[in-house]
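**Student:** What follows is a structure written as structure tokens; I'll ask about it next.
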Amino acid sequence: MSPHRSAIYRGTVRHRRKSPVQHAFTYEVGMLYLDLGELEQGVLDEASPLWSSRRPRTPGAVSRRDLLGDPAVPLDTAVRDLVADRIGVRPDGPIGVLTTPRTFGRSFNPVSFYFCFAPDGTTLRAIVADVENTPWNERHAYVAACDTGPGRRVVDVELDKVFHVSPLMGMDQRYRFRLTAPGPTLSVHIQSTATADGGDAFDATLNLRREALTRATLRRLLTRFPLQSARTGALIYSNALKLKLKGAPYHAHPDSPLESQASPPMSTTTPTRTRTVLHRLLRHWIRDGELTLVDRHGSTTVGDPFLDGTGSPLRSTVTIHDERAYRALLKGSLGLAESYRDRWWDTDDLVGVVRIAARNIHRGDQYRRRLRPVLGPVQNALASAKRNTIDRSKRQISAHYDLGNDLYGLMLDDTMMYSSAVYPSPTATLHEAQLCKLDRICDKLDLGPEDHLLEIGTGWGGLAVHAARRTGCRVTTTTISKEQHALAVRRVREAGLEDRITVLLEDYRLLTGTYDKLVSIEMIEAVGWRDFPTFFRRCSELLQPDGLMLLQAITIDDRAYEVEKATKSFINQLIFPGGCLPSVREIQRCVGSYTDLRNVQLEDITPHYVTTLAAWRERFEQAVASGDLDTERYDEKFQRIWSLYLAYCEGGFAERRIQDVQVLLAKPRFRSESLLRARPDETVTRLPVPAWSAQERDVA
0 MSPHRSAIYR GTVRHRRKSP VQHAFTYEVG MLYLDLGELE QGVLDEASPL WSSRRPRTPG
60 AVSRRDLLGD PAVPLDTAVR DLVADRIGVR PDGPIGVLTT PRTFGRSFNP VSFYFCFAPD
120 GTTLRAIVAD VENTPWNERH AYVAACDTGP GRRVVDVELD KVFHVSPLMG MDQRYRFRLT
180 APGPTLSVHI QSTATADGGD AFDATLNLRR EALTRATLRR LLTRFPLQSA RTGALIYSNA
240 LKLKLKGAPY HAHPDSPLES QASPPMSTTT PTRTRTVLHR LLRHWIRDGE LTLVDRHGST
300 TVGDPFLDGT GSPLRSTVTI HDERAYRALL KGSLGLAESY RDRWWDTDDL VGVVRIAARN
360 IHRGDQYRRR LRPVLGPVQN ALASAKRNTI DRSKRQISAH YDLGNDLYGL MLDDTMMYSS
420 AVYPSPTATL HEAQLCKLDR ICDKLDLGPE DHLLEIGTGW GGLAVHAARR TGCRVTTTTI
480 SKEQHALAVR RVREAGLEDR ITVLLEDYRL LTGTYDKLVS IEMIEAVGWR DFPTFFRRCS
540 ELLQPDGLML LQAITIDDRA YEVEKATKSF INQLIFPGGC LPSVREIQRC VGSYTDLRNV
600 QLEDITPHYV TTLAAWRERF EQAVASGDLD TERYDEKFQR IWSLYLAYCE GGFAERRIQD
660 VQVLLAKPRF RSESLLRARP DETVTRLPVP AWSAQERDVA
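Okay, structure coming up:
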């Protein structure tokens, strides 16, 4: 007999479903019972270096991160703290864990049991069942007090079910655990009864026989069960499929947090594996900027307080209210937005969080580019199936621009320009900056009374009214948003410019005729990447042979375009359905391949968009705080998603993940380039662009 408390247990597991459908299966299993004191002290190394923090790939090892609590906390401390918090008494005797060893560096533990003894080492004081729900990689620990007394080995306790384990098991159940203390044999019987009628729903029985823990017995265990983790997982999934085929009802993961299901306080729930994975990814990913995650288990800080362009440290703190946020954050920007909308997390600096992500995202892009050859064909096929037809484009534009003119009226200035302004000075107001932008567009296009200007993307008529009033040109402007069209028509009428401006409710693909000049301000983002060639071809066809076109476009970094264009993201799913940002390289490719236009000028106005978005966000938040925003129409979830949207764009522009450019394109017979050279007295003062650090230059 081994002198250790630790041992090997081998035997069988039987699962039996009794209602509403019957099903059963049995399989063999080999497990380790490890005394935590012996494990931490290394006295088991004569059998094998079982603690995988020493040798992670050791066959039969047990990893700290597979077990209960924060991996940074010693296991026996985590167990004692948990038991003391749940039942009010801190166990002070030996603790043993019954668990499954790793095979090939992987572990699969549907449940691990912790036996907490009194100092005599024979009387059980508490039992902990650490349960994992396989489909969601979440964990929860059930704790029960017990006192077996001298000579008694059987523990019999009942607990309410508070953790969603399987999509084929409901929550309205009660557990009964019957366990024997570890000895020559060890058995566990779990019975689940429905709380509504008291009928048996499910039971599982684990019958095991002890073997001494030696090198020879451990070798036999691993030989007998070489792929135990994979085999157990396959058995559970295959039998779940059989149950489903038999008609077992499906129970979706509850939407409410665990505590709303009468669970113990969330502070006592063990960290999920998803949390551990996310923390590991963030440590690898975030190097520039400091991000602190705070949850019920404590706080973790990653990165360094990188100085931004103003010399201030770039740092943010994220507070996790619901650990489902960890799983959501692994889904990318869409998961980030949905979890923020639902209040699963908050932060002291929303723009700062986005800036840190944008500053470090190029590391994730490297992996996504490697997967592009595999995922690209699938994404392209799905995108083709949802191509922006004329009818679909109308629905998608309506989803954003028909939210209500009152909403945009509160957020924008009097020009109602929903695009980047150009600030003539750092002290200029938003309204002054928008007027400056409109003047610059008129000057770049060299508009005069003899010109007929076509505008693709009316907005609310701001440019059309300004251009006709300032230069005397004729304007035909088109939109496919009904609310924008109605307000633009009214503003033209109120300005007395009905004889100079025609407002159409028409898709750009259906326009006819030719025009002297053409302008499109941040409309191309709604075109869709499949239709970028169509857009530029139609623009070229609508211009006179000596015509001139100005495009103001939000663009994405050339290196990120291919991996982003067909990806489901926060912006193209929740804000601009069907939208896609072009890159400068893609714009040049389309111009060169599908038109007879040539490049005349390109200006990057990105720094101005950071200031513009900050002004919009401030005005929006003031409208919310003052009660001017209709909260019945724009509820809290809308307000949070809209605040995130504005902060998301501001942070993206601040870190140059996205840019805003004005591109001037000319038809073959255009010969007035000299008119485009700004005189010294017309030069616009630009906002200072943050200087790059040596680290940023290295990344670039």
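Just so we're aligned: the sequence shown equals residues 0 to 699 in numbering that gives the first Met the number 0. All C-beta atoms, glycine included, are put in the ideal place defined by N, C-alpha and C.
How many Å lie between V96 and D34 at the Cα?
**Tutor:** Residue numbering aside, residue 96 sits at position 97 when the sequence shown is read from its first letter. Residue numbering aside, residue 34 sits at position 35 when the sequence shown is read from its first letter. The alpha-carbon atoms of V96 and D34 are separated by roughly 7 Å.
**Student:** Looking at the secondary structure, which residues open and close the beta strand (DSSP E) in which G546 lies?
**Tutor:** Here residue 546 refers to the residue found at position 547 of the sequence shown. Segment L542 to I555, the beta strand (DSSP E) holding G546.
**Student:** Which first and last residues belong to the alpha helix (DSSP H) in which D287 is found?
**Tutor:** As a working note, residue 287 is residue 288 in the sequence shown. Counting along the chain, D287 falls outside any alpha helix (DSSP H), and DSSP gives it neither H nor E.
**Student:** Between which two residues does the beta strand (DSSP E) harbouring S642 extend?
**Tutor:** In the sequence shown, residue 642 corresponds to position 643, counting from 1. Taken as a continuous stretch (DSSP letters only), S642 belongs to no beta strand (DSSP E), being part of the alpha helix (DSSP H) at E635 to A653.
**Student:** Hey, out of H278, D303, W284 and P304, whose CA is closest to V293's CA?
**Tutor:** Counting from 1 along the sequence shown, the entry for residue 293 is found at position 294. The shortest C-alpha separation from V293 is found at H278.
**Student:** Could you check the C-alpha separation between D413 and T291 for me, to the nearest Å?
**Tutor:** To locate residue 413, count along the sequence shown from 1; it is residue 414. To locate residue 291, count along the sequence shown from 1; it is residue 292. Using only the alpha carbons, I get a separation of about 40 Å.
**Student:** To the nearest angstrom, report how far apart H14 and Y174 are at their CA atoms.
**Tutor:** By 1-based counting over the sequence shown, the position of residue 14 is 15. By 1-based counting over the sequence shown, the position of residue 174 is 175. Going from the Cα of H14 to the Cα of Y174 covers about 15 Å.
**Student:** Rounded to the nearest angstrom, what separates E654 and G591 at their Cα positions?
**Tutor:** As a first step, residue 654 is located in the sequence shown; it is residue number 655 there, counting from the start. As a first step, residue 591 is located in the sequence shown; it is residue number 592 there, counting from the start. Taking the straight line joining both Cα atoms gives about 29 Å.
**Student:** Check whether the stretch 200-212 touches the stretch 222-239, counting contact only when three or more Cβ pairs, one atom from each stretch, lie closer than 8 Å.
**Tutor:** Verdict: no, contact absent.
**Student:** Taking Cβ positions, are L74 and L67 nearer each other than 8 Å?
**Tutor:** Here residue 74 corresponds to residue number 75 of the sequence shown, with the count starting at 1. Here residue 67 corresponds to residue number 68 of the sequence shown, with the count starting at 1. Yes, they are a contact pair.
**Student:** Measuring CB to CB, does G148 end up less than 8 Å from T122?
**Tutor:** In the sequence shown, the residue the question calls residue 148 occupies position 149. In the sequence shown, the residue the question calls residue 122 occupies position 123. Going by C-beta atoms, G148 is nearer than 8 Å to T122.
**Student:** Does the beta-carbon of R323 have 16 or more other beta-carbons within 10 angstroms, so that it is buried, or is it exposed?
**Tutor:** Your numbering for residue 323 matches position 324 in the sequence shown. Buried, because 16 or more other Cβ atoms sit within 10 Å of the Cβ of R323.
**Student:** In this structure, does DSSP put S592 in helix, strand or coil?
**Tutor:** Position 593 of the sequence shown, counting from 1, holds the residue named residue 592. Helix, per DSSP.
**Student:** What first and last residue would you give for the alpha helix (DSSP H) that runs through Y249?
**Tutor:** As a first step, residue 249 must be located in the sequence shown, where it is residue number 250. Unbroken run through Y249: none, as it is neither H nor E.
**Student:** Would DSSP call D506 helix, strand or coil?
**Tutor:** The residue given as residue 506 occupies position 507 in the sequence shown. It is coil, neither helix nor strand.
**Student:** When DSSP labels each residue in this structure, what does V301 get in the three-state scheme?
**Tutor:** For the purposes of this step, residue 301 is identified with residue 302 of the sequence shown, where counting begins at 1. It is a strand residue.
**Student:** Quick one: any contact between the stretch 577-586 and the stretch 536-556, if contact means 3 or more CB pairs under 8 Å?
**Tutor:** Judged by Cβ distances under 8 Å, the stretch 577-586 makes contact with the stretch 536-556, as three or more pairs qualify.
**Student:** Kindly indicate which three-state DSSP category W615 falls into: helix, strand or coil?
**Tutor:** The sequence position of residue 615 within the sequence shown is 616, counting from 1. Three-state DSSP puts W615 in a helix.
**Student:** Is S480 near I360, with beta carbons less than 8 Å apart?
**Tutor:** As a position in the sequence shown, residue 480 is number 481, starting the count at 1. As a position in the sequence shown, residue 360 is number 361, starting the count at 1. Not in contact: S480 and I360 (Cβ atoms no closer than 8 Å).
**Student:** With distances taken between CB atoms, is the gap from R391 to D287 smaller than 8 Å?
**Tutor:** As a position in the sequence shown, residue 391 is number 392, starting the count at 1. As a position in the sequence shown, residue 287 is number 288, starting the count at 1. Going by C-beta atoms, R391 is not nearer than 8 Å to D287.
**Student:** Between which two residues does the alpha helix (DSSP H) holding S397 run?
**Tutor:** Here the question's residue 397 lines up with position 398 in the sequence shown. Run containing S397: I389 to Y400, per the alpha helix (DSSP H) assignment.
**Student:** Among residues of its own chain, excluding the 5 on either side of A614, which ones have a beta-carbon nearer than 7 Å to its beta-carbon?
**Tutor:** For the purposes of this step, residue 614 is identified with residue 615 of the sequence shown, where counting begins at 1. L429, listed in sequence order.
**Student:** Short of 7 Å in beta carbon distance, which residues of its chain neighbour A709, apart from the five on each side in sequence? Order them along the chain.
**Tutor:** No answer is possible for residue 709: it lies beyond the span of the chain, which begins at 0 and ends at 699.
**Student:** Count the CB pairs spanning the stretch 633-650 and the stretch 332-345 that are closer than 8 Å, and state whether there are at least three.
**Tutor:** Segments in contact, yes.
**Student:** Applying the criterion that 16 or more other CB atoms from any shown protein chain within 10 Å of the CB defines a buried residue, is H283 buried or exposed?
**Tutor:** In the sequence shown, residue 283 corresponds to position 284, counting from 1. Label assigned to H283: exposed.
**Student:** For V72, which of helix, strand or coil comes out of DSSP?
**Tutor:** Taking the sequence shown and counting its residues from 1, one reaches residue 72 at position 73. Coil.
**Student:** Could you give the DSSP three-state label for N598: helix, strand or coil?
**Tutor:** Start at 1 with the first residue of the sequence shown, and residue 598 comes out as number 599. Here N598 sits in strand by DSSP.
**Student:** In the DSSP assignment, find the beta strand (DSSP E) that holds E431 and state where it starts and stops.
**Tutor:** Stepping through the sequence shown from its first residue, residue 431 is reached at position 432. Premise fails: E431 lies in the alpha helix (DSSP H), L429 to K443, not in any beta strand (DSSP E).
**Student:** Helix, strand or coil: how does DSSP classify N206 here?
**Tutor:** By 1-based counting over the sequence shown, the position of residue 206 is 207. Looking at N206 - three-state DSSP - the assignment turns out to be strand.
**Student:** Applying the 10 Å Cβ sphere with the 16-neighbour rule, what's the burial state of D65?
**Tutor:** Walking along the sequence shown from the start, residue 65 turns up at place 66. Under this definition D65 is a buried residue.
**Student:** What residues match up with T11 in a beta bridge as DSSP calls it?
**Tutor:** Stepping through the sequence shown from its first residue, residue 11 is reached at position 12. Note: T11 sits in a beta bridge opposite E27 and N206.
**Student:** Checking the sheet assignment: what are the DSSP bridge partners for A467?
**Tutor:** Walking along the sequence shown from the start, residue 467 turns up at place 468. Per DSSP, none; premise fails for A467.
**Student:** Inspect the CB distances between the stretch 348-357 and the stretch 646-664 and report whether three or more fall short of 8 Å.
**Tutor:** Because the criterion of three Cβ pairs below 8 Å is met, the stretch 348-357 and the stretch 646-664 touch.
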